[in-house]
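Scroll down for the structure; my scribbles are underneath it.
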Amino acid sequence: MKYGRNIAISVMCVLLGMMMAWQYKSIDYNEREKSLERKSVEELKDELIREQRNNENLSARNAELEKENKEYENAKGDVTKETQILKHELERARIIAGLVDVKGKGLVITIDNDLVDVTESNLLNVVNELRASDAQAISINDERIVGSSEIREAGRKYIMINGKQMRAPFVIKAIANPDKLERALMLLGGVLDSLEDLKVELRKEDNIVINKVRDDGSVIKTDMLTPVVNQ
Amino acid sequence: MQQNKNILLGIIFAVLGLVISLQIKSIVYSNKNLKSEMAEEVKKLITEIQKEKEIGKKLSEKVSENERIKEENIKNSITIRKDDNLKNIKEELDLVKMKAGLVSVKGAGVVVSLDDADARITEDASTLILHDRDILRVVNELKKANAQAISINDERITSLTECVCAGPTIMINGKKYTTPFVIKAIGDPNVLYDTVKNSKIAYLLARDMIKISISKVSDITIPKYDSIKIDSLFSGLEVINNEIR
Numbered sequence: 024m025k026y027g028r029n030i031a032i033s034v035m036c037v038l039l040g041m042m043m044a045w046q047y048k049s050i051d052y053n054e055r056e057k058s059l060e061r062k063s064v065e066e067l068k069d070e071l072i073r074e075q076r077n078n079e080n081l082s083a084r085n086a087e088l089e090k091e092n093k094e095y096e097n098a099k100g101d102v103t104k105e106t107q108i109l110k111h112e113l114e115r116a117r118i119i120a121g122l123v124d125v126k127g128k129g130l131v132i133t134i135d136n137d138l139v140d141v142t143e144s145n146l147l148n149v150v151n152e153l154r155a156s157d158a159q160a161i162s163i164n165d166e167r168i169v170g171s172s173e174i175r176e177a178g179r180k181y182i183m184i185n186g187k188q189m190r191a192p193f194v195i196k197a198i199a200n201p202d203k204l205e206r207a208l209m210l211l212g213g214v215l216d217s218l219e220d221l222k223v224e225l226r227k228e229d230n231i232v233i234n235k236v237r238d239d240g241s242v243i244k245t246d247m248l249t250p251v252v253n254q
Numbered sequence: 040m041q042q043n044k045n046i047l048l049g050i051i052f053a054v055l056g057l058v059i060s061l062q063i064k065s066i067v068y069s070n071k072n073l074k075s076e077m078a079e080e081v082k083k084l085i086t087e088i089q090k091e092k093e094i095g096k097k098l099s100e101k102v103s104e105n106e107r108i109k110e111e112n113i114k115n116s117i118t119i120r121k122d123d124n125l126k127n128i129k130e131e132l133d134l135v136k137m138k139a140g141l142v143s144v145k146g147a148g149v150v151v152s153l154d155d156a157d158a159r160i161t162e163d164a165s166t167l168i169l170h171d172r173d174i175l176r177v178v179n180e181l182k183k184a185n186a187q188a189i190s191i192n193d194e195r196i197t198s199l200t201e202c203v204c205a206g207p208t209i210m211i212n213g214k215k216y217t218t219p220f221v222i223k224a225i226g227d228p229n230v231l232y233d234t235v236k237n238s239k240i241a242y243l244l245a246r247d248m249i250k251i252s253i254s255k256v257s258d259i260t261i262p263k264y265d266s267i268k269i270d271s272l273f274s275g276l277e278v279i280n281n282e283i284r
């Protein structure tokens, strides 16, 4: 009889212990779930804003195309006008390709060896950050950075860009909103933090000139590309 | 002794009762809060996003239709008028657009796939994840190997393409992507393959067990640059020494 009681009490205690553990876990889980939900609401809001912005841009692009098409239709028979419309488009394509010299407001960043040497990755990261801040044109030591520009370490002291050998200091010019650029670079844990062992200098300028890319077929090549229409 | 035991049992049951009621309360509370308010907002947001996406789809269709009309108009003018100047400009425009990444292209090359490593216990969990900087370095290797056109998850790489980490996703041409990442490159397949295969970044990624695979492909299509930023590219920018002006 007494023996049976002891067993009963032990079983109760074990059960109680399990319940408490379960309770603790459940409360913890619920808390986590709540914060997760909150986070996903934030993410969804972000996504919504992005979609809206995307649509605004698409509408703007569509409106511009419609305007161009109308202009073109009105110009029917007027070769000069048609030529002008094409020239405008050509100019824009040349800007994106980096085939013209451009001028504008922006930032000049000078990076020099200090405790360590400037690496390929340092320059890649800075250029990437500039692009993320909507830079319209970028050059390193007057070599225009285009889509196919490589950054290659060559030996210990040299870096090759667009097939041209150069060494520190690296002067990176970028045309974009200078304040936005500076803010993006100075961000805590951002790209400048990763350059703390180097000498870095930022200078905002109103009239930055960025040269066009060398267009002799060595930097931009297209001989292996076949255009695909209707895509 | 018998009485003591009874008291003990009584206490145990009381605590048990308390625990059960707490448990029920916690569940009821979380259900009320989560499932009603939050879920309501989530649902609303999802429908709104869906709506915006549909609008976006229609707008994209309109844009490509208008682009087609534009192309046709120009072609018609050239055939009707037989104006050499117009024809030359159009030819140059096509070439420059190809250089700028504004035309979809195809050719032979390589496809590099990257994905996070499988979960495992390590000192530094961030080595399990693929970072924006890893992708940048792989793309740079492809550029070293003279890739003529590159895309990441079908986003064309141009002079203006960024690739930055934004939380758990990576932003490319202003759009967010998550793993896996598929990088396509057109160029000499053997040179591209060997350069990436023997690069330091491929070694480092493989060491951290990030999934990386490279394959030569004879027919790759890379879409044109289609950034949502495309019209903000020209504001405040002045072109100098431009002979076509």
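Those protein sequences? They're chains A and B, same order as listed. Counting in the numbering used here, the first sequence runs from 24 upward without gaps. Counting in the numbering used here, the second sequence runs from 40 upward without gaps. The C-beta atom is built at its ideal place from N, Cα and C for all residues, glycine as well. Remember, it's a predicted structure, so these values are computed and weren't measured experimentally.
- Note: SER254/B is bridge-paired with VAL150/B in the DSSP secondary-structure output.
- ASP247/B is the residue among ASP247/B, GLU100/B and GLY95/B whose C-alpha sits nearest the C-alpha of THR161/B.
- For ARG154/A, the enclosing alpha helix (DSSP H) stretches over residues 143 to 155.
- C-alpha of ARG76/A to C-alpha of ASN97/A: approximately 32 Å in a straight line.
- According to the DSSP secondary-structure assignment, LEU225/A is paired through a beta bridge with ILE132/A.
- Fewer than three pairs of CB atoms, one per stretch, sit closer than 8 Å, so the segment 132 to 150 of chain A makes no contact with the segment 98 to 106 of chain A.
- Contact holds between the segment 209 to 222 of chain A and the segment 125 to 138 of chain A, because three or more Cβ pairs, one in each stretch, are under 8 Å apart.
- Comparing alpha carbon positions, the residue from LEU55/B, LYS83/B and GLU277/B closest to ILE198/A is GLU277/B.
- ALA184/B: not part of any alpha helix (DSSP H); DSSP gives it neither H nor E.
- Neighbours of VAL232/A in chain B, taken as residues at a C-beta separation under 9 Å, are given in chain order as ILE279.
- Residues of the same chain with a CB within less than 6 Å of the CB of THR197/B, apart from the 5 flanking positions on each side, are GLY140 and TYR264 in chain order.
- Per DSSP, the unbroken alpha helix (DSSP H) holding SER99/B starts and ends at 78 to 120.
- In this structure, the CA atom of VAL54/B is about 33 Å from the CA atom of GLU76/B.
- Residue pairing for ILE128/B: DSSP places it in no beta bridge.
- In the DSSP assignment, MET183/A forms a beta bridge with ARG175/A and GLN188/A.
- Chain B has a Cβ within less than 8 Å of the Cβ of TYR95/A.
- Using a Cβ-Cβ cut-off of 8 Å, THR118/B does not count as an interface residue toward chain A, since no Cβ of chain A sits closer than that to its own.
- Comparing C-alpha distances from ILE191/B to each of PRO262/B, LYS126/B, ILE249/B and LYS129/B shows the shortest one belongs to PRO262/B.
- The C-beta of ILE259/B comes no closer than 8 Å to any C-beta of chain A.
- If the five residues before and after LEU125/B are omitted, its C-beta is found closer than 7 Å to the C-beta atoms of SER116 and ILE117, all from its own chain and listed in chain order.
- Ranked by how close their Cα comes to the Cα of ASN229/B, the residues SER99/B, GLU110/B, VAL67/B and ILE253/B have ILE253/B in first place.
- Excluding five sequence positions before and after ALA241/B, the CB atoms of its chain that fall closer than 7 Å to its own CB belong to VAL235 and ILE251, given in chain order.
- As computed with DSSP, ALA158/B is found in no beta bridge at all.
- Separation of PRO219/B and SER162/A (C-alpha to C-alpha, rounded to the nearest whole angstrom) is 31 Å.
- Apart from the 5 residues on each side of it in sequence, ASN127/B has no Cβ closer than 6 Å to any other Cβ in its chain.
- When the beta-carbon positions are compared, ILE50/A and SER60/B stay at least 8 Å from each other.
- Cβ contact annotation for LYS203/A (same chain, cutoff 8 Å, sequence separation greater than five): SER156 and ASP157, in chain order.
- Here DSSP, grouped into helix, strand and coil, assigns SER190/B to strand.
- Contact with chain A is absent for LEU167/B, since none of that chain's Cβ atoms lies less than 8 Å from the residue's Cβ.
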